[in-house]
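Engineer:
Structure (structure tokens):
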């Protein structure tokens with residue numbers, strides 16, 4: 001806030017702490033001793049930081065940078081864009097009723113699969129990175145389409161492939177692939193939201209699901225029942241209108257099964273509509289969940305089962321099976337293990353959401369940055385007006401956001417890569433890593449994007465409020481990313497839980513999985529106190545040194561981890577483990593976010609280093625520094641409280657953050673162009689790549 | 001984050017600052033001396049703070065509290081609620097097309113005025129507090145209706161009354177009042193957004209408006225013209241469909257006027273549609289601005305004028321007039337003074353927005369809190385599940401928000417009162433106070449509400465995403481509150497500008513206006529350094545002392561004000577005043593927010609003190625403490641950086657904030673009930689006052 005005020009009062013900071021004259025003398029002695037050992041920092045850097053119009057801006061080659069960012073699945077994305085661009089009747093209009101939107105969305109999906117020849121299903125298992133690339137592209141056409149596709153292939157299709165066995169694959173693959181078997185994923189119930197959440201808080205508390213399946217050995221069938229209103233399957237995508245099948249999660253009731261007392265939650269394929277007449281099958285009650293805040297192209301419905309009979313073969317039996325005579329068998333020893341294995345197969349959904357959320361963020365940032373460069377507002381007396389991005393406040397809103405978009409791009413790309421690797425190798429350590437990182441990145445990125453969409457709208461003023469300029473639909477559609485596939489607050493607790501587990505491992509001398517092994521070093525450095533010498537360093541070279549940045553991020557995580565472990569132990573004695581966890585909940589969430597930020601920064605630094613083109617590398621380095629320092633400044637209270645950062649350094653960090661925002665502003669056009677999204681994908685008139693067309697497109701839209 | 005960890009390591013904090021052993025010895029000596037003079041703080045309070053189930057919760061009498069909150073215009077609000085409750089065909093359905101919504105909204109307004117006998121227009125001038133009460137009530141029926149009413153009476157009607165003279169009042173009052181003359185307020189242009197903004201950044205830069213008016217002395221008419229695309233009047237409410245008239249802002253061109261070189265911006269009544277046929281009049285080109293993010297019940301249009309002729313009498317001539325022979329006269333000496341007077345009359349719009357924004361926030365908080373109390377999720381092993389509001393993280397999201405809603409309630413009530421007073425007395429000091437406070441509160445409150453609506457949706461998970469539960473439409477409708485009647489970023493700069501003016505006054509020995517005179521005292525205390533003794537005080541009594549809280553808020557404002565004044569002076573030398581302002585922009589915005597928070601807290605403390613009922617007073621005190629300490633904790637970096645708060649005190653503040661959130665949670669139901677909004681106003685099934693009806697209403701809505 002007061003970046004250059006300090007220099008006007010020339011007293012050493014320590015002196016002010018001792019009001020009494022005697023104290024002041026002692027303190028001054030300390031101060032002198034201290035300075036003797038630690039020469040005062042060089043202020044020349046700080047002077048060099050003052051932005052001036054003459055300073056050369058970085059030269060960014062958009063093509064080179066874009067090439068580095070693009071990844072290997074750009075071609076299939078382009079095919080998606082081209083297909084919809086060539087079919088205007090398949091493009092979602094600005095205003096459309098819920099029912100029309102649902103039908104259009106179905107036609108879009110059919111067109112994609114049957115006309116454009118994009119078959120996402122084969123990639124769900126074989127090449128997930130390609131699947132996610134398609135998902136991102138489809139989502140930028142209409143997010144409802146992205147979600148509808150995800151329901152069909154990742155959730156309904158994915159559950160059949162991952163939770164079923166060969167017989168299921170043989171029977172259903174073709175129909176799911178070509179959309180003859182549109183299906184649903186029926187986990188969530190009215191009284192218990194995203195069930196995926198359950199696992200994290202308490203592993204003994206997976207009983208949220210109340211839907212039941214009873215085996216009838218006479219007819220060799222399961223009977224599916226909804227025992228009460230709270231157990232109605234709710235928010236089920238594809239259920240209200242289009243679904244023919246549903247993967248239904250329910251408890252196998254023990255009473256009709258020999259040799260086991262409780263089998264826990266399993267998944268069943270339940271046909272819900274007649275294949276020919278499309279009428280709901282006997283015992284299946286289907287209602288429409290109605291209008292939503294967004295994603296109205298997806299037909300979410302509610303399902304109630306009244307003794308619905310399905311063949312025994314419809315149990316997705318990879319992790320647990322029931323034989324012809326009703327005997328239950330499983331390769332996994334407990335309900336919780338089986339449930340964990342079941343949920344574990346569904347982690348891809350989170351990977352996809354984190355990845356697609358960055359796609360949404362890119363579109364919003366492109367529109368907001370281009371408009372902010374275009375829009376003129378005021379200026380020095382008798383001089384031309386300046387663009388609103390020339391204002392420090394607008395840079396403050398948008399430049400750290402642009403930097404974060406780059407950061408998340410690389411982080412989610414990394415996540416997709418390790419997820420693909422995991423799918424191939426089934427490496428145990430990778431499994432843990434992917435689970436925690438997908439939970440954490442999904443939560444962190446979707447929360448960030450949700451906030452950013454509001455900031456972008458507001459930063460674009462009145463024209464940002466025109467529906468045609470997209471912020472409204474992007475925000476409304478994306479909003480639920482924070483909730484589905486696991487509520488963000490719950491997912492962050494999973495991350496905190498994993499961190500605590502790693503912390504215990506460390507003290508037991510065990511190994512740490514890849515993403516977490518920084519904890520080993522930084523935990524050691526935490527156990528010593530912050531270095532008061534480096535705490536005062538404030539030169540630009542130091543602050544832009546990746547080592548300083550990463551150390552600061554990791555120190556914070558380590559400290560939060562250590563301190564929450566101490567608090568949990570203390571509170572457990574009086575409150576029990578559940579009560580202690582709740583007492584420390586805010587602390588745990590901060591820890592999880594801090595860890596995710598550490599991982600994001602580490603991946604960003606890697607990406608900068610790996611970039612082969614020098615000018616692109618310089619641009620990425622600039623953006624990476626802004627990402628790192630902005631985050632440190634945002635949490636400066638924490639760093640100050642433990643004296644990891646001295647007051648002079650805090651001011652230098654703030655000043656440099658503002659300066660880097662200014663620097664990034666100078667190449668903001670190139671940086672958003674490098675996301676390589678054509679105008680017919682971003683679509684907002686005010687966000688046109690050619691600035692001179694923006695207003696005319698906009699007035700034409702209004703009929704001028 | 002680490003509220004109770006400090007006690008586990010028993011070293012004095014000072015020691016850690018000196019790693020070297022010699023330093024440590026010196027430091028310990030200082031520490032001992034220090035403790036000798038300043039006895040260590042009493043930790044017994046901290047122990048007492050540990051929340052335990054047995055501790056008695058405050059007993060809140062909802063009726064008493066509600067009575068205190070209600071204000072004197074509750075009756076007219078109830079009439080609005082009753083009218084719409086008795087006319088289901090006038091209630092806005094969940095899904096409605098833009099065109100139908102516009103027609104419905106017009107029918108709602110007609111019904112209100114002609115059937116329910118609510119005549120807002122007479123109150124615009126006579127009793128603004130009553131007008132704002134009606135506006136708030138109408139906005140909670142449908143925010144589009146609130147805005148449409150505001151356009152008709154406050155903007156179109158208000159401009160005729162406030163900028164015109166008796167002849168205009170005589171001619172138009174009746175038609176505006178009874179809706180025979182629906183009208184528009186045409187200020188904003190395509191290339192220059194809310195023109196109200198212009199004044200703040202640079203008083204010499206009001207030339208944003210390009211629409212022109214030329215006087216034709218032969219025909220005694222003005223000719224209104226849109227000189228280019230950028231000057232098209234944009235976003236004009238009531239223009240696309242219903243308006244018959246528009247108050248059009250344009251520059252009076254000098255060339256046809258004798259005796260003046262430049263007359264600046266004036267307002268004209270321009271008929272835009274035929275009174276009988278409703279066809280656009282010759283030369284008036286009207287287009288539809290189309291679908292918006294929200295408020296689609298308001299028909300925003302774009303207006304282009306092609307040499308449109310209007311009688312000379314249609315100039316709203318209170319601040320400047322043109323005689324029959326074309327001579328310009330004004331009681332005000334300059335263009336800027338005239339423009340300031342013109343805009344000054346329109347300040348009521350901001351008051352109304354700030355006030356209505358609190359109304360929106362109340363609805364959202366009611367729904368989110370009630371649902372969070374209803375919704376069960378997990379719990380300790382083998383015990384019943386607990387409500388999600390029992391989780392610290394949910395308390396953290398919602399309880400400071402509930403506290404802020406109370407704080408803003410009293411602050412905006414105060415604003416309405418001083419605005420009404422100003423309208424009666426025209427007291428000069430009051431005018432300045434109202435202008436700055438309405439700008440600041442409008443900006444601060446609407447930004448806060450906008451963020452909170454997203455947090456509420458997310459806090460209510462999947463069911464918060466059902467359109468019927470209202471967060472979506474509340475957010476989409478309210479979103480633009482941040483932009484219209486002056487962009488928030490610009491308005492905050494106005495506040496900062498006023499503060500700097502007051503700062504200069506102070507040094508000149510002048511008087512300060514009422515809301516600002518705290519600066520006199522706190523500026524003096526700023527000029528001395530923070531007191532290192534009180535900086536360590538951490539007892540609950542101290543932290544909950546209004547004096548400590550208000551001192552902290554005001555110290556921060558004073559410090560920010562002093563430091564930005566120093567920076568502006570310094571940078572002006574090299575960058576000029578415009579460049580210096582821009583270089584300090586983030587700092588200036590923080591200053592403005594800090595000041596507004598100070599005013600809000602002061603008004604809240606007054607309201608607590610004035611509450612006649614002891615139990616209500618205790619509840620309000622609790623909520624006020626949470627508001628104050630949460631804000632201090634949010635900006636703890638600032639306080640730590642200047643050692644206003646020592647590390648131990650920072651931790652105590654954090655801990656107390658979490659504890660107060662827990663305490664407020666215990667009376668959260670009573671606190672939201674006291675807002676006294678019936679279920680048929682809040683309308684969300686999940687936010688029903690009787691918890692047992694919530695889920696059943698919700699499943700019934702879906703057709704079960």
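Protein chains in written order, with the UniProt record's numbering: chain A, 1 to 704; chain B, 1 to 704.
Here a beta-carbon is modelled for each residue, glycine too, at the ideal position from N, C-alpha and C.
(1) Tell me, which residues are paired with residue 321 of chain A by DSSP?
(2) Under a three-way DSSP split, which group does residue 276 of chain A fall into?
(3) Below 8 Å, can you find three or more Cβ-Cβ pairs linking the segment 450-462 of chain A to the segment 450-460 of chain B?
(4) Contact criterion: CB-CB distance below 8 Å. Does residue 293 of chain B meet it with respect to chain A?
(5) Distance, Cα to Cα, residue 202 of chain A vs residue 378 of chain B?
(6) Look at the Cβ atom of residue 481 of chain A, then the Cβ atom of residue 353 of chain A, and state whether they are nearer than 8 Å.
(7) List, in chain order, every chain B residue whose beta-carbon is nearer than 9 Å to that of residue 487 of chain A.
(8) Please confirm if the segment 93-112 of chain B is in contact with the segment 300-307 of chain B, defined as three or more CB-CB distances below 8 Å between the two stretches.
(9) Using DSSP with H/G/I as helix, E/B as strand and the rest coil, what is residue 92 of chain A?
(10) Is residue 692 of chain A helix, strand or coil when you go by DSSP?
(11) Going by DSSP, what residue range makes up the beta strand (DSSP E) through residue 303 of chain B?
(12) Residue 184 of chain B bridges to which residues according to DSSP?
(13) So, does the CB of residue 238 of chain A fall closer than 8 Å to a CB anywhere in chain B?
(14) Taking its Cβ as the centre, do 16 or more other Cβ atoms sit within 10 Å of residue 278 of chain A, making it buried, or is it exposed?
(15) When DSSP labels each residue in this structure, what does residue 212 of chain A get in the three-state scheme?
(16) Considering only DSSP beta bridges, list what residue 309 of chain A is partnered with.
(17) Got a sec? Which residues, its chain only, sit under 8 Å from residue 421 of chain A by beta carbon, not counting five neighbours each side?
(18) Identify whether residue 642 of chain B lies in helix, strand or coil by the three-state DSSP scheme.
(19) Is the segment 598-607 of chain A in contact with the segment 620-634 of chain A, if contact means three or more CB pairs nearer than 8 Å?
(20) Using a 10 Å radius around the Cβ and a threshold of 16 neighbouring Cβ atoms, would you call residue 532 of chain B buried or exposed?
(21) Under a CB-based cut-off of 8 Å, is residue 98 of chain A close to chain B?
(22) My output table needs one value for residue 651 of chain A: the three-state DSSP class, helix, strand or coil.
(23) How far does the alpha helix (DSSP H) with residue 418 of chain B in it reach, from first residue to last?
(24) Under the three-state reduction of DSSP, which class applies to residue 484 of chain A: helix, strand or coil?
(25) If I'm right that residue 145 of chain B touches residue 138 of chain B with Cβ under 8 Å, what's the distance once you round it to whole angstroms?
(26) Helix, strand or coil for residue 376 of chain B, going by three-state DSSP, please let me know.
(27) What is the DSSP secondary structure of residue 593 of chain B, counted as helix, strand or coil?
(28) For chain B, find out if any of its Cβ atoms is closer than 8 Å to the Cβ of residue 95 of chain A; answer yes or no.
(29) Nearest to residue 475 of chain B by alpha carbon, out of B/292, B/134 and B/314?
(30) Less than 6 Å between C-beta atoms, sequence neighbours within five positions excluded: which residues of the same chain meet that for residue 309 of chain A?
(31) Let's test the definition: count the other Cβ atoms within 10 Å of the Cβ of residue 383 of chain A and tell me whether it reaches 16, buried, or not, exposed.
(32) Cβ closer than 8 Å: which chain A residues qualify as neighbours of residue 484 of chain B?
(33) For the beta strand (DSSP E) holding residue 268 of chain A, just list the boundary residues, first then last.
(34) Using the beta-carbon of each residue, which ones in chain A are nearer than 8 Å to residue 380 of chain B?
(35) What are the complete alpha helix (DSSP H) segments, minimum 4 residues, inside the UniProt domain "Acyl-CoA oxidase C-terminal" (545-688) of chain B?
(36) Would you report the Cα separation of residue 155 of chain B and residue 483 of chain B, rounded to the nearest angstrom?
Structural biologist: On the basis of the coordinates in this document:
(1) Residue pairing by DSSP puts residue 321 of chain A in a beta bridge opposite A/329.
(2) The DSSP-derived three-state label of residue 276 of chain A is coil.
(3) The segment 450-462 of chain A vs the segment 450-460 of chain B: in contact.
(4) So yes, residue 293 of chain B belongs to the interface.
(5) Unreliable placement is indicated for residue 202 of chain A, whose pLDDT of 39 sits below 50; no coordinate value is reported for it.
(6) Contact: yes.
(7) Those within 9 Å of residue 487 of chain A in chain B are 458, 461 and 462.
(8) Output reads no: the segment 300-307 of chain B does not touch the segment 93-112 of chain B.
(9) Coil, per DSSP.
(10) DSSP places residue 692 of chain A within a helical segment (H, G or I) once states are collapsed to three.
(11) 301-305 is the span of the beta strand (DSSP E), which, as asked, contains residue 303 of chain B.
(12) In DSSP, residue 184 of chain B forms a bridge with B/246.
(13) Judged by the 8 Å Cβ criterion, residue 238 of chain A is not in contact with chain B.
(14) The residue in question, residue 278 of chain A, is exposed, as its Cβ has fewer than 16 Cβ neighbours within 10 Å.
(15) When DSSP states are grouped into helix, strand and coil, residue 212 of chain A belongs to the strand group.
(16) According to DSSP, which records beta bridges pairwise, residue 309 of chain A is partnered with A/223.
(17) Around residue 421 of chain A: 427 and 430.
(18) Residue 642 of chain B: coil per DSSP, three-state reduction.
(19) Result yes; three or more Cβ-Cβ pairs closer than 8 Å.
(20) Its Cβ being crowded by 16 or more others within 10 Å, residue 532 of chain B is buried.
(21) Using beta-carbon distances, residue 98 of chain A counts as an interface residue toward chain B, with a partner under 8 Å.
(22) DSSP, read as helix, strand or coil, puts residue 651 of chain A in helix.
(23) Where residue 418 of chain B is concerned, the enclosing alpha helix (DSSP H) starts and stops at 392-425.
(24) For residue 484 of chain A, the secondary structure class from DSSP, reduced to helix, strand or coil, is coil.
(25) Indeed, because the Cβ distance is near 5 Å, the residues count as touching under 8 Å.
(26) For residue 376 of chain B, the three-state secondary structure derived from DSSP is strand.
(27) Residue state, collapsed to three classes: helix.
(28) Yes, its Cβ sits closer than 8 Å to a Cβ of chain B.
(29) Per the Cα distances, B/292.
(30) Closer than 6 Å at the Cβ level, and outside the excluded window around residue 309 of chain A, lie 221 and 223.
(31) It counts as exposed.
(32) Ordered by position in chain A, the residues that pass the 8 Å Cβ test against residue 484 of chain B are 462.
(33) Counting along the chain, residue 268 of chain A sits inside the beta strand (DSSP E) bounded by residues 265-271.
(34) Those are 576, 578 and 579, listed as they occur along chain A.
(35) Listed in chain order, the complete alpha helix (DSSP H) runs (minimum 4 residues) inside the UniProt domain "Acyl-CoA oxidase C-terminal" (545-688) of chain B are 546-583, 585-610, 614-634, 636-641, 647-666, 668-673 and 679-682.
(36) The alpha-carbon of residue 155 of chain B is positioned some 16 Å away from that of residue 483 of chain B.
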